[in-house]
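As structure tokens, the structure follows; a few thoughts come after it.
There are 4 protein chains.
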Amino acid sequence: MGDKSIQKKRYIVEKAAEVFGKKGYKNVTMKDIVEACEISRGGLYLYFNSTKEIFEAVLESRRLISKTEDSSDMQPGDRLLAFLEEKKQEIVSSSDYLRVAIYEYMFAHGEQDSMVAGDFDADLQRLEEIIEDGVASDWMVCEAPRIAAYNMLYALEGLKVSAQTGIISEERVDEQIEYMMGTIGLALE
Amino acid sequence: MGDKSIQKKRYIVEKAAEVFGKKGYKNVTMKDIVEACEISRGGLYLYFNSTKEIFEAVLESRRLISKTEDSSDMQPGDRLLAFLEEKKQEIVSSSDYLRVAIYEYMFAHGEQDSMVAGDFDADLQRLEEIIEDGVASDWMVCEAPRIAAYNMLYALEGLKVSAQTGIISEERVDEQIEYMMGTIGLALE
Amino acid sequence: MGDKSIQKKRYIVEKAAEVFGKKGYKNVTMKDIVEACEISRGGLYLYFNSTKEIFEAVLESRRLISKTEDSSDMQPGDRLLAFLEEKKQEIVSSSDYLRVAIYEYMFAHGEQDSMVAGDFDADLQRLEEIIEDGVASDWMVCEAPRIAAYNMLYALEGLKVSAQTGIISEERVDEQIEYMMGTIGLALE
Amino acid sequence: MGDKSIQKKRYIVEKAAEVFGKKGYKNVTMKDIVEACEISRGGLYLYFNSTKEIFEAVLESRRLISKTEDSSDMQPGDRLLAFLEEKKQEIVSSSDYLRVAIYEYMFAHGEQDSMVAGDFDADLQRLEEIIEDGVASDWMVCEAPRIAAYNMLYALEGLKVSAQTGIISEERVDEQIEYMMGTIGLALE
DNA sequence: CATGAATGAGAGTTCATTCAT
DNA sequence: GATGAATGAACTCTCATTCAT
Chain S
383 MGDKSIQKKR YIVEKAAEVF GKKGYKNVTM KDIVEACEIS RGGLYLYFNS
433 TKEIFEAVLE SRRLISKTED SSDMQPGDRL LAFLEEKKQE IVSSSDYLRV
483 AIYEYMFAHG EQDSMVAGDF DADLQRLEEI IEDGVASDWM VCEAPRIAAY
533 NMLYALEGLK VSAQTGIISE ERVDEQIEYM MGTIGLALE
Chain A
383 MGDKSIQKKR YIVEKAAEVF GKKGYKNVTM KDIVEACEIS RGGLYLYFNS
433 TKEIFEAVLE SRRLISKTED SSDMQPGDRL LAFLEEKKQE IVSSSDYLRV
483 AIYEYMFAHG EQDSMVAGDF DADLQRLEEI IEDGVASDWM VCEAPRIAAY
533 NMLYALEGLK VSAQTGIISE ERVDEQIEYM MGTIGLALE
Chain C
383 MGDKSIQKKR YIVEKAAEVF GKKGYKNVTM KDIVEACEIS RGGLYLYFNS
433 TKEIFEAVLE SRRLISKTED SSDMQPGDRL LAFLEEKKQE IVSSSDYLRV
483 AIYEYMFAHG EQDSMVAGDF DADLQRLEEI IEDGVASDWM VCEAPRIAAY
533 NMLYALEGLK VSAQTGIISE ERVDEQIEYM MGTIGLALE
Chain Y
383 MGDKSIQKKR YIVEKAAEVF GKKGYKNVTM KDIVEACEIS RGGLYLYFNS
433 TKEIFEAVLE SRRLISKTED SSDMQPGDRL LAFLEEKKQE IVSSSDYLRV
483 AIYEYMFAHG EQDSMVAGDF DADLQRLEEI IEDGVASDWM VCEAPRIAAY
533 NMLYALEGLK VSAQTGIISE ERVDEQIEYM MGTIGLALE
């Protein structure tokens, strides 16, 4: 597969992302993507064999983009805040239409997929480190950083889900962030 | 709609619940339900016009069943523990097969549906009361019971989702429960 | 499946036989049959799931028809002649267009199919009996009736194949019949 | 078409023969051959325009190879035996995978093709000569050598077909060979 | 009310064939 | 000559939905 092929694949993934954003995961057909890409039916099959495959490519491409800088030069409290703000954006931003599709995908294909699980683990590690650093430098109070990290991530996940299901105001998210910071002895000034 | 009709509808809903439990939400076809109910294709349409409609009827029927006793005669700490244990069951029990379907449904039809949201609100109120009572009787420490209640519920929701997506051990859930109780000044003895 | 269904199935098989006759086996698509039957795409699938299944039903229906009377009251020589004449018809009759399809089917699905093999075995038994009777009543001379029966059937099969592949004149078939009878001591007068 | 072209054509035919051997005739696609030859899709079309064309080239190439020596210095009985043994090999040898494809081809394209018929005629002539010689030298008894030759060839053809369709043991073939020799007054010692 | 045969739109998939490079 | 990406027609199969009985 040549250089041009990779370009085309990228193009398809890009267009497909829009489609998944609009229609979710399960509702998307090969035809939808073919039409969005303005290529031929058979042409798509040169690159992907199913919507699942395409969707996974979309996820993969997102993963590459969403890497954030580590900012490990900041104070633990600020780093935590930065982390939570980042998550808040994910929760609140209705622009991330893709999320519905991601959840649909997750529930449709269940556990066998570490595609999405990977993100969680990375976040967990990052968060745990921040808390450990915070505790070490007396900025935070926490007996079990790992468990606390889990707790925050679960709560954030819950918020995400709720944001998708019902409507969640930005205030509610802020409220929760403040509360979470409180649980490890931090206060927003 | 006569008495017999209501009976039949109930029967269909019952059988349909099994189907949704086995196959999720999106994968279920009218045909599947027709076969499970051993009624005719046309017959089903006399009662329901889509799998969505049927699934909503299933949800409705579940709502009626799942009401739990309030046990307001117990101490706040025990009531909280009871509440969390109840939620733990929901998370851990793989017997609640329907949950996958519920999430699929939620993500497929988005916010416009308060069908599921109702449960959350009820839980919220219940939990808030418990915490308020706990604080009032000096068993618990919490400045913002409502926010704390939200936090716990979000974390529980996150756990549920994770349980569905990946695998979550009972220990992790216990860990989280203990942690949550700690955040409001309680300890499991 | 009711009485009417069986009728319809028969109807489909009948129409399908014509199609297979015209187009062979492999070239026939579900669409061809749908069109020949003037039913809907989905309708055909109520009765059959593949051209293979339909073709086997066609074979089955032919089997039922082609049963010939046993005429065991005749003299062995005449019975043999009757048998061979019957086979000759199969060979010569170009009206049996289906045969091409049958061979195609045989070669496409190989040995695992006793659908066609059954005919051979039945013929073998019948022919062997005739020869044994012929020998017992001194009309025929043959040391190994079974082997002779096999030989005739193989030769007849070869004739059939040749009839399909190239062109075979009726005279050639007659010639062969006479020769075969000669090998067991019989002569056409 | 240059020298290199002929070479390439030969190469394609060679590779294609393997493919036809494995997959039969009808199941082979241009793509299969392209892949087997590791050439480009378009490249194949420079030499052949259809699988039919390629298959015919395969047949042609086989014809050139399969010529056998005449061994006319042997006694007629031995020559006949040699001939029949040769045929037996064709029947029994499952290594001649191409045969299925040949039959498929024959039945798919019917009589208009003398491609395969040629072999039969050559065999017929050879066999007839053997028998005539045998009769002339009193080794054999046969009133109509040509008809007898036909008979044997048809029986052999029938055996071949049966070998492809069902399973035929080597014993059965030996049995038949012995029987055939018996019909012209010969016995295997 | 109830049936289930029938419909037809539409999804997935494959392949011969072309054509710009 | 040679490539292989691209096309689009054709095929299989499934399902929601209707309708005569």
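Chains as they are written, first to last, in my numbering: chain S, 383 to 571; chain A, 383 to 571; chain C, 383 to 571; chain Y, 383 to 571. Here a beta-carbon is modelled for each residue, glycine too, at the ideal position from N, C-alpha and C.
Just confirm the distance between the C-beta atoms of residue i and residue j, as a whole number of angstroms; I'd bet it's less than 8 Å.
i	j	result
C:Tyr-407	C:Tyr-487	5 Å
A:Ile-575	A:Ile-415	Coverage of chain A is limited to positions 383 through 571, which leaves residue 575 of chain A absent and any answer about it impossible.
C:Ile-566	C:Cys-524	5 Å
S:Ile-394	S:Leu-426	7 Å
Determine, for residue i, whether the minimum Cβ-Cβ distance to residues of chain S falls below 9 Å.
i	result
A:Phe-402	no
A:Leu-535	yes
A:Leu-541	yes
A:Tyr-429	no
A:Val-482	yes
A:Ala-526	yes
A:Gly-548	yes
Just the chain A side, please: which residues come within less than 8 Å of residue i by C-beta, in chain order?
i	result
S:Thr-433	None at all; the shortest Cβ gap to chain A is about 12 Å.
S:Ala-418	Chain A residues near S:Ala-418: none, gap ~20 Å exceeds 8 Å.
Please confirm if residue i has its CB atom under 9 Å from at least one CB of chain C.
i	result
Y:Thr-411	no
Y:Met-456	no
Y:Ala-569	no
Determine, using beta carbons only, whether residue i and residue j come nearer to each other than 9 Å.
i	j	result
A:Val-474	A:Ala-537	no
A:Phe-489	A:Val-440	no
Y:Ala-418	Y:Lys-397	yes
C:Lys-469	C:Asp-556	no
S:Leu-480	A:Gly-540	no
Y:Leu-463	Y:Met-534	no
C:Ala-399	C:Arg-445	no
C:Phe-465	C:Ile-421	no
A:Tyr-532	S:Val-543	no
S:Tyr-561	A:Ala-483	no
Kindly list, in the order they appear in chain Y, the residues whose Cβ is closer than 9 Å to that of residue i.
i	result
C:Arg-475	The residue you asked about is not Arg; residue 475 of chain C is Ser in the sequence shown. Simply none; closest approach about 15 Å.
Which chain C residues sit within Cβ distance under 8 Å of residue i?
i	result
Y:Lys-391	Ordered by position in chain C, no residue passes the 8 Å Cβ test against Y:Lys-391, which lies about 27 Å from the chain.
Y:Val-523	Residues of chain C passing the Cβ test: none, with the nearest at roughly 12 Å.
Looking at the C-beta of residue i, does it have a partner C-beta in chain Y at a distance below 9 Å?
i	result
C:Met-563	no
Using a Cβ-Cβ cut-off of 9 Å, state whether residue i counts as contacting chain A.
i	result
S:Ala-504	no
S:Val-440	no
S:Arg-619	Nothing can be reported for residue 619 of chain S: it is not among the residues displayed for chain S, which extend from 383 to 571.
Give the interface partners of residue i over in chain S, defined as CB-CB distance under 9 Å, in chain order.
i	result
A:Asp-486	The displayed chain sequence assigns Glu, not Asp, to residue 486 of chain A. Here the neighbours are Lys-408, Tyr-485, Glu-486, Phe-489, Ala-490.
Along chain Y, in chain order, which residues have C-beta atoms closer than 8 Å to that of residue i?
i	result
C:Ser-544	Phe-502, Tyr-536, Glu-539
C:Tyr-479	The premise fails here: C:Tyr-479 is roughly 11 Å from chain Y at the closest Cβ pair, so nothing lies under 8 Å.
Give me the chain C residues within the contact set of residue i, using Cβ-Cβ distance strictly less than 7 Å, ordered along the chain.
i	result
Y:Glu-557	Ile-529
Cβ contact (3+ pairs, closer than 8 Å) linking the region 498–511 of chain A and the region 420–434 of chain A: The region 498–511 of chain A is not in contact with the region 420–434 of chain A.
Is it the case that the region 518–525 of chain Y contacts the region 454–469 of chain Y, given that we only count it when at least three CB pairs across the two stretches are under 8 Å? When C-beta atoms of the region 454–469 of chain Y are compared with those of the region 518–525 of chain Y, three or more pairs fall below 8 Å, so the two segments count as touching.
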